[in-house]
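Residue numbers (my numbering): 84 to 528. Yeah, the Cβ is synthetic: ideal placement off N, Cα and C, and Gly gets one too. Note that the structure is predicted; figures quoted are calculated from it, not measured.
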Amino acid sequence: MSIITRFAPSPTGHLHVGNARIAIANALLSLRDGGRFVLRYDDTDVERSRDEYADSIADDLTWLGIEWDEVVRQSARLDEYRGAASKLEKLGRLYKCYETREELELKRKHLLSSKQPPIYDRGALALSDGERASLEAEGRRAHWRFKLAPGEITWADLVRGPQHYDPANVSDPVLIREDGTFLYTLPSVVDDMAFGVTHIVRGEDHVTNTAVQLQIMEALGGTPASLSFAHLPLLVGPEGEPLSKRLGTASLREMRDDGLEPMALASMLAALGTSEAVAVCHDLVALATTFNFAHVSRNSPRFDPNNLWPLNAQLLQETPFAAVADRLGLPDADEAFWIAVRGNIDRLAGAREWWVICHEPLTPVPGEMDFLTAAAEVLPPAPWDGETFRAWVAAVKAETGRKGKALFMPLRVALTGRDHGPELHNLLPLIGRERVLKRLSGDVA
RNA sequence: GACCCCUUCGUCUAGAGGUUAGGACACCACUCUUUCACAGUGGAGACACGGGUUCAAUUCCCGUAGGGGUCGCCA
Numbered sequence: 084m085s086i087i088t089r090f091a092p093s094p095t096g097h098l099h100v101g102n103a104r105i106a107i108a109n110a111l112l113s114l115r116d117g118g119r120f121v122l123r124y125d126d127t128d129v130e131r132s133r134d135e136y137a138d139s140i141a142d143d144l145t146w147l148g149i150e151w152d153e154v155v156r157q158s159a160r161l162d163e164y165r166g167a168a169s170k171l172e173k174l175g176r177l178y179k180c181y182e183t184r185e186e187l188e189l190k191r192k193h194l195l196s197s198k199q200p201p202i203y204d205r206g207a208l209a210l211s212d213g214e215r216a217s218l219e220a221e222g223r224r225a226h227w228r229f230k231l232a233p234g235e236i237t238w239a240d241l242v243r244g245p246q247h248y249d250p251a252n253v254s255d256p257v258l259i260r261e262d263g264t265f266l267y268t269l270p271s272v273v274d275d276m277a278f279g280v281t282h283i284v285r286g287e288d289h290v291t292n293t294a295v296q297l298q299i300m301e302a303l304g305g306t307p308a309s310l311s312f313a314h315l316p317l318l319v320g321p322e323g324e325p326l327s328k329r330l331g332t333a334s335l336r337e338m339r340d341d342g343l344e345p346m347a348l349a350s351m352l353a354a355l356g357t358s359e360a361v362a363v364c365h366d367l368v369a370l371a372t373t374f375n376f377a378h379v380s381r382n383s384p385r386f387d388p389n390n391l392w393p394l395n396a397q398l399l400q401e402t403p404f405a406a407v408a409d410r411l412g413l414p415d416a417d418e419a420f421w422i423a424v425r426g427n428i429d430r431l432a433g434a435r436e437w438w439v440i441c442h443e444p445l446t447p448v449p450g451e452m453d454f455l456t457a458a459a460e461v462l463p464p465a466p467w468d469g470e471t472f473r474a475w476v477a478a479v480k481a482e483t484g485r486k487g488k489a490l491f492m493p494l495r496v497a498l499t500g501r502d503h504g505p506e507l508h509n510l511l512p513l514i515g516r517e518r519v520l521k522r523l524s525g526d527v528a
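Here it is as structure tokens:
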């Protein structure tokens, strides 16, 4: 059976690296095995879900190169969930509760302050029909909880190994709010079953949900044993702090705007926290071949945006002109220019700087005029090519007796205004003879 | 308060009851007749702490500390 994975974000905000990493893991898994990948918007929270966020998430996923075979919104599948709920009700696994949020909150506080686990006491289960009727007569509206069955819940986790969970440690989960809307728990199970999801890959913040959802799935007639789970440790910040505390630096939007290449990010997120060496991959298919849950560590890996830039630089260095021509924003730039500068930038936008240095007037840094004048006198005639610089330097060397740094550095500074940059033999033809001559004589050119 | 997970160079990790504790990235130096980068070579750099088991523990056990997660009518 072919693999089916899903990424199920709630459209309540923009994509951040934590989510993106989960999306990539799911996408790579299905890519590697030629399976299917479903994008599912868990938009059951109508208060917070917004279309603009759904669009933004889709846009960011696309930017990352992730394609989905199918997209669904839970808000469009309410009938399915209602059907599942009534099935659970008939089985006696779904029951009405009348406590208000305030009452529940109070109970939790009491339990906590008396050092008890804040677990729901199932008070609603003890209600008589008469009591229920009078509560409803008061105008109280019921919310519904799933009745967890006793007994250890077990599953094999692709990352965490054999798992067991005692449902006594959690409250019966509320499945339906008092206004009749669903929480994500039941829809998630219904959809995983309906779409034939074979691998649930998510953050380890979902492990207790897994225990609960396994019971729900079983109650609905599903076969939990056929499902594979992989709970990835959550990313933390550079100091080991929760990433949620620094969402600013973790949003894909911000990194995109900062000039990050999508495959630099994807390469990082796929390898971080695994024994795989972080190495630049140019497409997700190549990345997928390295992806393996057996290589995922159980530690919380630190994500430091600073580590992205060396990767980004390396990626650009390996990128052919055709792949950037349209994005350079320099209509006149050609392949020779790109080849000359790509090794010296860590952001694509950095190419513009060198374009300007080659093609626009430059105020020269005062240099050793005697030397520069001597160099100008032996400047080869046009036309120039990649070998011109070598010939010129040989002539300058013969003329002045200089060598090494003393020979090259003054030329570099005079021609570019900087003490570092792309190879001069590539730059020289781009600057052109006329301009070179002027810069050597100290003129603005 | 309960439950789950984790702790090896700065970072991501490999590792086995006896190893010179390995690799990658970052860092430093040298080389490649300039710079940046690439490449190559070399270098510095780690087993959280305390007990226990053992001839031997970084590895197994217990505890402590630290970190992450969960305990929502959020997802």
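Excluding its 5 nearest sequence neighbours in each direction, residue 114 has C-beta neighbours in its own chain below 7 Å: 367, 368 and 371, listed in chain order. No Cβ-Cβ contact shorter than 7 Å links residue 440 with residue 373.
Distance from the CA of residue 203 to the CA of residue 191, rounded to the nearest whole angstrom, comes to 8 Å. Residue 296: member of the alpha helix (DSSP H) spanning 290–302, first to last residue.
In the three-state scheme derived from DSSP, where H, G and I count as helix and E and B as strand, residue 364 is classed as coil. In the DSSP assignment, residue 439 falls within the unbroken alpha helix (DSSP H) covering 433–442. Residue environment for residue 501: exposed (fewer than 16 other C-beta atoms within 10 angstroms of its C-beta). By the Cβ neighbour-count rule, residue 93 is buried, with 16 or more other Cβ atoms within 10 Å of its own. The criterion of a C-beta distance shorter than 7 Å is not satisfied by residue 136 and residue 166. Under the three-state reduction of DSSP output, residue 454 falls in the helix class. With a 10 Å radius around the Cβ and a threshold of 16 neighbouring Cβ atoms, residue 233 comes out exposed. DSSP lists 246 as the beta-bridge partner residues of residue 238. Residue state for residue 228 is assigned as strand, using DSSP reduced to three classes. With a contact defined as Cβ atoms closer than 8 Å, residue 249 and residue 235 qualify at about 6 Å. In the pairwise beta carbon analysis, the region 309–316 is classified as touching the region 270–287: at least three pairs are separated by under 8 Å.
Judged by their CB atoms, residue 363 and residue 351 are not nearer to each other than the 7 Å cut-off. Taking C-beta separations shorter than 7 Å and ignoring five residues to either side along the sequence, the partners of residue 521 in its chain run 528, following chain order.
With a cutoff of 7 Å on beta-carbon distance, residue 143 and residue 335 are scored as near each other. Separation of the CB atoms of residue 88 and residue 118 is rounded to 7 Å, and the pair is thereby assigned contact status at 8 Å. Per DSSP, reduced to three states, the secondary structure at residue 359 is coil, with no helix or strand assignment.
Rounded to whole angstroms, the separation of the alpha carbons of residue 346 and residue 365 is 6 Å.
With respect to the 7 Å criterion, residue 90 and residue 176 are not classified as neighbours on the basis of their beta carbons.
Comparing alpha-carbon positions, the option among 240, 511 and 212 lying closest to residue 376 turns out to be 240. In the DSSP annotation of this structure, residue 470 is not part of any alpha helix (DSSP H), being labelled neither H nor E. Residue pairing by DSSP places residue 124 opposite 156 in a beta bridge.
By the neighbour-count criterion, in which 16 or more other beta carbons inside 10 Å mark a residue as buried, residue 344 falls on the buried side.
Between residue 427 and residue 504, the C-beta spacing is below 7 Å.
Relative to residue 293, the option among 237, 278 and 319 whose CA is nearest is 237. The Cβ-Cβ distance between residue 388 and residue 318 does not fall below 7 Å.
Nearest to residue 438 by alpha-carbon distance, out of 489, 396, 168 and 514, is 514. Our two residues, residue 415 and residue 408, have alpha carbons roughly 10 Å apart in a direct line.
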